[in-house]
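Undergrad: In case it helps, numbering that gives the first Met the number 0 puts the sequence shown at residues 0 to 93.
Every residue gets a Cβ at the ideal spot worked out from N, C-alpha and C, and that includes glycine.
Once you've had a glance at the structure underneath, I'll fire off some questions.
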Amino acid sequence: MNLTVTPPVEMALRTLGDEDRQRMRAWFDKLRNWWHDSGIREKSQKLGSDSVHVLRAGNDIRIFFRPEQTQIVILDLATKSTILSFGHTAVAGQ
């Protein structure tokens with residue numbers, strides 16, 4: 000399956016060290032098998048009613064993605080600490 004990496008993800012990958020970047024590429028390869036790998040689907044969590052999912056990639060990094068019929072679109076990467084730091088802002092703005 001095709002995999003599309005958005006510009007925010009490309010920027011985030013550039014900020015990672017070589018080891019973390021290789022680890023993310025390995026997770027991306029696993030996501031290519033989204034439709035055929037029940038294990039990777041079970042590790043992912045759907046967010047709300049959108050078709051956006053999040054995958055915990057190790058202890059710290061989360062991968063936000065959207066599975067489509069012909070491709071997986073990697074939307075963003077975030078660390079757990081970033082999500083926890085800014086999560087209250089999204090809720091307060093509602």
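#1: With a CB to CB cut of under 7 Å and the five nearest residues on each side skipped, what residues in its chain are close to residue 31?
#2: If you count every other CB in all the chains shown that lies within 10 Å of the CB of residue 10, and 16 or more means buried, which is it?
#3: Indicate the three-state DSSP secondary structure (helix, strand or coil) for residue 46 in the structure shown.
#4: Please work out which residues of its chain come closer than 6 Å, Cβ to Cβ, to residue 5, disregarding the five sequence neighbours upstream and downstream, and give them in chain order.
#5: Contact check, residue 66 vs residue 50 under 8 Å by CB: the rounded distance?
#6: I want to check one thing, is the minimum distance from the CB of residue 29 to the heavy atoms of the ligand HEM below 7 Å?
#7: Rounded to whole angstroms, what's the CA-CA distance from residue 27 to residue 12? Just pull it up for me.
#8: Is residue 68 helix, strand or coil by DSSP?
TA: According to the structure data:
#1: Cβ within range, chain order: 0, 2, 71.
#2: Residue 10 should be labelled exposed.
#3: Taken through DSSP and simplified to helix, strand or coil, residue 46 comes out as coil.
#4: Answer for residue 5: 74, listed in chain order.
#5: Correct: roughly 7 Å between the Cβ atoms.
#6: Summarising the ligand content, the structure contains no ligands, and the ligand HEM is consequently not present.
#7: Using only the alpha carbons, I get a separation of about 12 Å.
#8: In the three-state DSSP reduction, residue 68 falls in the coil class, being neither helix nor strand.
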